[in-house]
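All residue numbers for the sequence shown refer to the numbering used here, where the first residue is 207 and numbers rise by one. Have a look at the structure below before the remarks.
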Amino acid sequence: MNDLEVVRRVQMGESEQFALLVEKYHRQLLRFIHRLLGDPGKVEDVGQEVFLSVYRSIRSFDAGRGVPFSAWLFITARNRCVSELRKKRPPSLGTDALAGLPARGATPEQDLRSSERVEAIRRALEQLPEPYRETLMESLGGDPPAEIARRLDISGGTLKSRLSRARQRMRLLLQGSPGGTSDG
Numbered sequence: 207m208n209d210l211e212v213v214r215r216v217q218m219g220e221s222e223q224f225a226l227l228v229e230k231y232h233r234q235l236l237r238f239i240h241r242l243l244g245d246p247g248k249v250e251d252v253g254q255e256v257f258l259s260v261y262r263s264i265r266s267f268d269a270g271r272g273v274p275f276s277a278w279l280f281i282t283a284r285n286r287c288v289s290e291l292r293k294k295r296p297p298s299l300g301t302d303a304l305a306g307l308p309a310r311g312a313t314p315e316q317d318l319r320s321s322e323r324v325e326a327i328r329r330a331l332e333q334l335p336e337p338y339r340e341t342l343m344e345s346l347g348g349d350p351p352a353e354i355a356r357r358l359d360i361s362g363g364t365l366k367s368r369l370s371r372a373r374q375r376m377r378l379l380l381q382g383s384p385g386g387t388s389d390g
């Protein structure tokens with residue numbers, strides 16, 4: 207049973223089916239969270255929060271948009287990690303203490319470029335054929351290629367070929383798009 211079939215069953219009230227998704231993505235998600243947070247003590251808690259959040263909002267997942275469940279899961283995890291990292295920032299010193307310091311951080315223009323880049327990547331992912339999109343999304347978790355190939359039920363050579371073609375198509379799709387690769 208593929209991810210979309212499991213999601214549909216959960217959306218129709220078979221909540222116990224969600225365990226299949228947790229089992230499939232648990233290790234991969236924890237590695238992803240660990241890479242983003244760098245704090246082994248928080249990885250398991252954040253992972254549980256992500257799965258709980260996804261479970262609670264699974265009815266809003268729309269398979270018709272062409273975004274795989276794994277992409278939705280990992281975007282949710284990334285957003286949760288960003289929130290967690292923001293909590294770790296030291297308290298603000300106030301504007302008086304900062305008045306003499308040079309400006310740091312993203313400008314509004316950089317923020318706009320970043321959001322345009324995210325949107326361009328999302329649109330490009332939606333345009334990829336499903337096998338390429340699925341292979342690319344699976345590779346983001348950091349699992350060894352042999353494990354990814356096993357999960358996708360393909361050979362190692364097919365995995366390498368799909369990843370190469372998926373990346374090549376992503377580059378082509380992103381060239382010239384706002385926030386894409388053409389502006390450096």
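Backbone N, C-alpha and C fix where the C-beta goes; we use that ideal spot for every residue, glycine too.
- Item | Selected residue, minimal CA-CA separation from V256, among G219, I327, I360 and S289 | Ranking G219, I327, I360 and S289 by Cα distance to V256 puts S289 first.
- Label L235 either buried or exposed according to how many other C-beta atoms from any shown protein chain fall within 10 Å of its C-beta, with 16 as the threshold for buried. buried
- Span separating the alpha-carbon of G347 from that of R237: Cα to Cα, the separation comes out at about 7 Å.
- Coil, strand or helix - Q217 by DSSP: helix
- Length of the line joining the Cα atoms of S367 and S266: 33 Å
- Item | Reference L380; option with closest CA among L334, G272, E220 and F275 | The option with the nearest alpha carbon to L380 is L334.
- Identify, in the order they occur along the chain, each residue of the same chain with its Cβ nearer than 7 Å to the Cβ of L210, setting aside the five sequence neighbours on each side. A269 and F275
- Message: Which of the three DSSP states is assigned to F267 in this structure?
- Response: coil
- Message: Going by beta-carbon coordinates alone, are L226 and V249 separated by less than 7 Å?
- Response: Taking 7 Å as the cut-off, the beta carbon of L226 is found no closer than this to the beta carbon of V249.
- Task: Just tell me which of R328, A355, E336 and E353 has its CA closest to the CA of I281.
- Result: R328
- Minimum length 4: unbroken alpha helix (DSSP H) runs contained in the segment 234–268: Runs of the alpha helix (DSSP H) spanning 4 or more residues and lying entirely within the segment 234–268 occur at 246–262, in chain order.
- Query: Can you name the start and end residues of the alpha helix (DSSP H) that L369 belongs to?
  - Reply: DSSP places L369 in the uninterrupted alpha helix (DSSP H) bounded by G362 to L380.
- Message: For a test of the three-state rule: what should DSSP assign to N208, helix, strand or coil?
- Response: coil
- Query: Using DSSP with H/G/I as helix, E/B as strand and the rest coil, what is L226?
  - Reply: Helix, per DSSP.
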